[in-house]
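Okay, so here's the structure we're looking at.
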Amino acid sequence: MKKRMTRLYVCILFMLSMGISLAQSLPNQPAPPLDSLARLSQRYMNSNQADSLYSLMGAGFKQQISLDKLKEVLGQLGGQVGKWVSMEPRGVEGEVARYKAVFALMPLDFYISQDKEGKIATFLFKPLQE
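Letter 91 of the sequence shown, counting from 1, is numbered 91 in my numbering, and no numbers are missing.
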């Protein structure tokens, strides 16, 4: 029984490592840290937690946009497009990942990247381009 469990753990670890290497080798797919930042952004936007979202932003972003400005923009965006329902990866160009962000009232392109500290450097919504 103990041998069987050990074999099972080894198989699971092998499959996980294969999955990780496969995910890393897929072309035009956002890296897992960017995907995590995108999902956190979605969660914080939907729950009106601009402070939490702003805490994910890097120094370069914060130099250009204040917390108050981010709150204002997110309020306007939410009023125009509604709740952020889902997203699907659309590719990566350079270090910027592109997602199709589906909101209750319309889809948008969502662009996100991270700086060297792992914080958000690019955070941008644009009209959807198929």
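Every residue, glycine too, gets a C-beta built ideally from N, C-alpha and C.
Same chain, Cβ closer than 6 Å to residue i, five either side skipped, listed in chain order
i      : result
Leu70  : Ala50 and Tyr54
Ser132 : Absent from the structure is residue 132, since the part of the chain shown begins at 1 and ends at 130.
N-terminal and C-terminal residue of the alpha helix (DSSP H) that residue i is part of
i      : result
Asp115 : That residue, Asp115, is in no alpha helix (DSSP H); it is neither H nor E in DSSP.
Leu56  : Careful: Leu56 lies outside any alpha helix (DSSP H) and carries neither H nor E.
Cross-strand partners of residue i (DSSP beta bridge)
i      : result
Asp109 : Lys100 and Lys126
Glu172 : In the structure as shown, the chain begins at 1 and stops at 130. Residue 172 is therefore absent and cannot be evaluated.
Glu93  : Val96
Assigned secondary structure, residue i (DSSP; H/G/I helix, E/B strand, else coil)
i     : result
Glu72 : helix
Leu26 : At Leu26 the pLDDT is 41, less than 50, meaning the model places this residue with poor confidence and gives no usable figure here.
Asn48 : coil
Lys83 : coil
Ser66 : coil
Whole-angstrom distance between residue j and residue i, CA atom to CA atom
i      : j      : result
Phe123 : Met57  : 9 Å
Gly60  : Ala104 : 31 Å
Val92  : Ala121 : 15 Å
Ile65  : Val73  : 10 Å
Leu67  : Glu130 : 31 Å
Own chain, CB closer than 8 Å to residue i, minus 5 neighbours either side, in chain order
i      : result
Leu128 : Lys100, Met106, Pro107, Leu108 and Asp109
Ala38  : Pro30, Met87, Ala97, Tyr99, Phe110 and Ile112
Val85  : Val102, Phe103 and Ala104
Close beta carbons around residue i, own chain, < 7 Å, minus the five adjacent residues each side
i      : result
Lys83  : Asn46, Phe103 and Ala104
Glu117 : Gly58
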